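Residue numbers (our numbering): 17 to 284. Ideal placement from N, C-alpha and C gives every residue a C-beta, glycine not left out. Values in this document were obtained by computation on a predicted structure and should not be read as measured data.
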DNA sequence: TACAATGTTTTAAG
DNA sequence: CCTTAAAACATTGT
């Protein structure tokens, strides 16, 4: 589920826990989400500390606790945050539970592609510095997009949009939404895009990111009505703009949906 | 049964 | 060393 806006929304599930002490920590030690850290260290580190602040960047989440403790989370493919009752019984896929007075803050991830990081230091963790500009920020410039498309000129544009070091937070459905709006075929080579298409890619990336954040990011649920999102998940959909039957095929290893009349592949 | 699922990392090859 | 493509990871639902 989680791309840019879903991550922003999910992080709010723990908002009620801000300013409250963590009384107990439970970790599902066998879960692959702990592949980078010792869950025992995390457990001892967070017990007794206060949850102070949360941030997101792309698909990454960072939680700051008292005592110079930091928790990093990535939701992977099936991860999500939940706020449960204080008496919440530990579930099968509850990888991490922070138990507070009034509630239990849960990180649940059945498929375990998510990730838990822990850091203890006055300064933010090393994995939270030197992050690329958010795609909805002023620093995400046309010039930056052009240089990325040039550096990855032989790769398919679909694959390039999925690279988190350049387009943090953009995931599979957002790429399809962006390319559909920009009228770019997903299997086009990044270096083959005309200057006009490069600009369209930049502009629609910002549009989709901001649009998703102001809808999905605020209230959860779905993006606006006329978006490709609503028709991209199964075969038989029609383009909301042209009415053409949409195509669904694997491009760059991911299921991809596009409109063959709006998004044409330049013949080589 | 077999395949696909809103993601990253590792491995291999060029 | 850089770039690109494919496999791997683990579970659930259709």
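>> Using CA atoms only, rank isn't needed, just tell me which of 143, 227 and 124 is closest to residue 105.
In response: 124
> Looking only at DSSP bridge pairs, what is residue 121 linked to?
Replying inline: Residue pairing by DSSP puts residue 121 in a beta bridge opposite 99 and 114.
> Along the chain, which unbroken stretches of the beta strand (DSSP E) at least 3 residues long are found entirely within the stretch 128 to 173?
Replying inline: 131 to 136
> Using the beta-carbon count (16 or more within 10 Å), is residue 227 buried or exposed?
Replying inline: Burial is judged here by how many other beta carbons sit within 10 angstroms of a residue's own beta carbon; residue 227 has at least 16 and is buried.
> How big is the Cα-Cα spacing for residue 138 and residue 83?
Replying inline: 8 Å
> Where residue 198 and residue 121 are concerned, what is the direct C-alpha to C-alpha distance, given to the nearest angstrom?
Replying inline: 40 Å
> When you compare only the Cα positions, how much space is there between residue 114 and residue 39?
Replying inline: Rounded to whole angstroms, the gap between the alpha carbons of residue 114 and residue 39 is 7 Å.
> On the premise that residue 244 lies in contact with residue 196, defined as a C-beta separation below 8 Å, what is that separation, rounded to the nearest angstrom?
Replying inline: Contact holds; Cβ gap of about 5 Å.
> residue 159: buried (16+ other C-beta within 10 angstroms of its C-beta) or exposed?
Replying inline: exposed
>> Quick check on this structure: which residue in 149, 108, 77 and 255 has the alpha carbon closest to the alpha carbon of residue 47?
In response: Cα-wise, what sits closest to residue 47 is 108.
> Looking only at C-alpha atoms, which of 182, 131 and 282 sits nearest to residue 146?
Replying inline: Distance check between residue 146 and each of 182, 131 and 282 places 182 closest, using alpha-carbon atoms only.
> Measuring CA to CA, which of 170, 72 and 102 is closest to residue 143?
Replying inline: 72
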